[in-house]
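Data first, discussion second: the structure below is written as structure tokens.
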């Protein structure tokens, strides 16, 4: 990642510690803090609908970050991420309903359970890669979907499972505003963990596996371990995100956990930028807001009513596929790259070359 | 009685498997020629079937004419997709190519849903009514036609690759792109032709399946079943694709038989190919006939 152009003039790095900060510059740390502060004030301005969208962006962003860890940072494509997302949602509902685990504990516990499942399905990653792995994870998606439909004791079968709202010492996280803060805390924790991971030996090993796995192996990085580890970690993220979704919606059904959701998650990291932590959130925001924009456009053009709005749901689906194709063809490095270029442009403003 | 039923399922499996083999062959063709994997193969079937249906119900042409029109339209579609979507990604990592074809599959499915609606429809003029009685077993006549067409198609493929100039050029490209290019083979043309053939043959398979079972969005699942077949046979082996397709077709129907008679799980036949897929990947990742990737430093 070359962020050189967006660094300030004279900001040379002379010690390793300077390369290993959480943020590329003190300014970006400040920007992030201000952004977070504004986000915390969002409930004062936004109505319930806006908050619902933000919550959706939050948990999908966590799931996308997990996928980015395995696909963007370790270079292992996964087409079954939605299945893990769904597993987390079901596991959390199951733990809290059947075993009386408090919801706030059930969520991370669901993440751990999902991570174990992910380790099982990630095991082929020790031997195969690229296309073969893509197909193996596709199989995982279908096998898990079948499991959800069959394991009535776990998921409630075709009827689905109810999920209770979270509560902490009697304080119930019901309603969009309270849940919004819960999601913000989760997002900060999960993104912070990922950002920290990339500063460590393990994180660098994962990137090395992606960039040149032969060279990485020669340098003594155990490939199989890091590939499987990345899968487990990605599943953990997906599981927690799924649990957040389940307890927000209050109901988990097998229908929403389909291959299209997996594709959507891959679309998020492509749009946001592979191998970019902030990009995962940007991509999730894009994917959540785009269908809204399509719908808004529909309304603006006066197409609602008559036969046209029947096509709206399909049009949303088409637009998902279309943005994936367009981004891959025209901007393969995603929104994060575009953002960096914008910053560089402002910094170099009068002399653009 | 049971053995008769078993035989019936096995025969169905063989016929369906031949169709799987034909679609898998297209997948391998594209993969061999351009190292691109096509996750939209199932949608090609869907689009082909709907196109033929559209020609027949809107233009009122008979089945054979609709069939011919479909082949032409599908070849054009395949060429167009290669030129517009796949070509800019030549040289990009394999993940990008996978993703772009997945995006394509979503777009194609959305468009067919939009135009033709989600309800299953049957071909005008009745579908799959006629059955042929073969030694006490009932087979739908259209399936028999389809299987026959698949066998003829495979023979045509064999001739094409062995004797025709274009086929030889395609094999040369698959063997070594740079050498083929330096000998005067137009790589771009090879890529376009391979996508066109792949789309065409998949469309034909889609029409055959559609005539028998009616057309519904679920038809694209047929294309997903191609993956177990190609993994079993080996990704870059045409013979492997055919063998893999037949084995998966048999397996699917035998699973349905075992499920219906003994286990009563409900939908074992849908997932059985995927369990087989995971098993093959664990035991023999390069399949029965695939070339092992040996990496040199």
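Residue numbers (the working numbering), protein chains in the order written: chain A, 116 to 468; chain B, 86 to 382. Ideal placement from N, C-alpha and C gives every residue a C-beta, glycine not left out.
query                                                                                                                        : result
Pairwise C-alpha distance: residue 405 of chain A and residue 380 of chain A                                                 : 14 Å
Residue 392 of chain A beta carbon less than 7 Å from that of residue 310 of chain A                                         : yes
Proximal residues of chain B, C-beta to C-beta of residue 347 of chain A below 8 Å                                           : Near residue 347 of chain A there are no residues of chain B at all, since even the closest Cβ is about 18 Å away, more than 8 Å.
Residues near residue 189 of chain B by beta carbon distance below 7 Å, same chain, minus five either side                   : 125, 166, 170
Length of the line joining the Cα atoms of residue 246 of chain A and residue 182 of chain B                                 : 10 Å
Beta-bridge partners of residue 260 of chain B, as assigned by DSSP                                                          : DSSP lists no partner for residue 260 of chain B.
DSSP-derived helix/strand/coil call for residue 204 of chain A                                                               : helix
Alpha helix (DSSP H) segments (min. 4 residues) lying fully within the region 140–203 of chain B                             : 148–166, 179–201
Residue 406 of chain A at chain B interface by Cβ criterion, 7 Å                                                             : no
Candidates A:203, A:226, A:428: closest to residue 411 of chain A by CA position                                             : A:428
Residue 367 of chain A, DSSP secondary structure in three states                                                             : strand
DSSP three-state assignment for residue 235 of chain B, whether helix, strand or coil                                        : helix
Cβ distance (whole Å) where residue 341 of chain A is taken to contact residue 321 of chain A below 8 Å                      : 6 Å
CB contact flag (residue 278 of chain A, residue 173 of chain A, <7 Å)                                                       : no
Contacting residues, own chain, Cβ-Cβ under 8 Å from residue 227 of chain A (five flanking each side not counted)            : 351, 354
Beta-carbon proximity check, residue 317 of chain A vs residue 167 of chain A, cutoff 7 Å                                    : no
Segments assigned alpha helix (DSSP H), at least 4 residues, entirely inside the region 225–298 of chain A                   : 245–265, 267–270
Helix, strand or coil at residue 336 of chain A [DSSP, three-state]                                                          : coil
Which residues DSSP lists as bridging residue 369 of chain B, in chain order                                                 : Residue 369 of chain B is not bridged to any residue.
Closer than 7 Å to chain B by CB, residue 203 of chain A                                                                     : no
Beta-carbon proximity check, residue 472 of chain A vs residue 336 of chain A, cutoff 7 Å                                    : In the structure displayed, chain A extends from 116 to 468; residue 472 of chain A sits before or after that span and is not available.
Chain-ordered chain B contacts of residue 447 of chain A [CB-CB under 8 Å]                                                   : 177, 181
CB contact check: residue 364 of chain B to chain A, cutoff 7 Å                                                              : no
Given 8 Å, three or more beta-carbon pairs between the region 192–208 of chain B and the region 285–304 of chain B           : yes
C-alpha gap between residue 306 of chain B and residue 127 of chain B, whole angstroms                                       : 6 Å
Residue 336 of chain B at chain A interface by Cβ criterion, 7 Å                                                             : no
Below-7 Å beta-carbon distance, residue 129 of chain B vs any chain A residue                                                : no
Where residue 459 of chain A sits in the DSSP three-state scheme                                                             : helix
Contact set between the region 169–195 of chain A and chain C, restricted to residues whose Cβ is under 8 Å from the partner : Among the protein chains in the structure shown, which are A and B, there is no chain C.
Residue burial classification, residue 239 of chain A (beta-carbon count within 10 angstroms, cutoff 16)                     : buried
4 or more residues per run - each alpha helix (DSSP H) lying fully within the region 124–196 of chain A                      : 131–134, 141–160, 163–182
Coil, strand or helix - residue 300 of chain B by DSSP                                                                       : strand
Residue-chain proximity (residue 432 of chain A, chain B), Cβ-Cβ < 7 Å                                                       : yes
Near-chain A residues of the region 312–335 of chain B - C-beta to any C-beta below 9 Å                                      : 312, 313, 315, 316, 320
CB of residue 164 of chain B within 7 Å of CB of residue 281 of chain B, strictly                                            : yes
Under 8 Å from the C-beta of residue 439 of chain A: neighbouring residues of chain B                                        : 184, 185, 187, 188, 191
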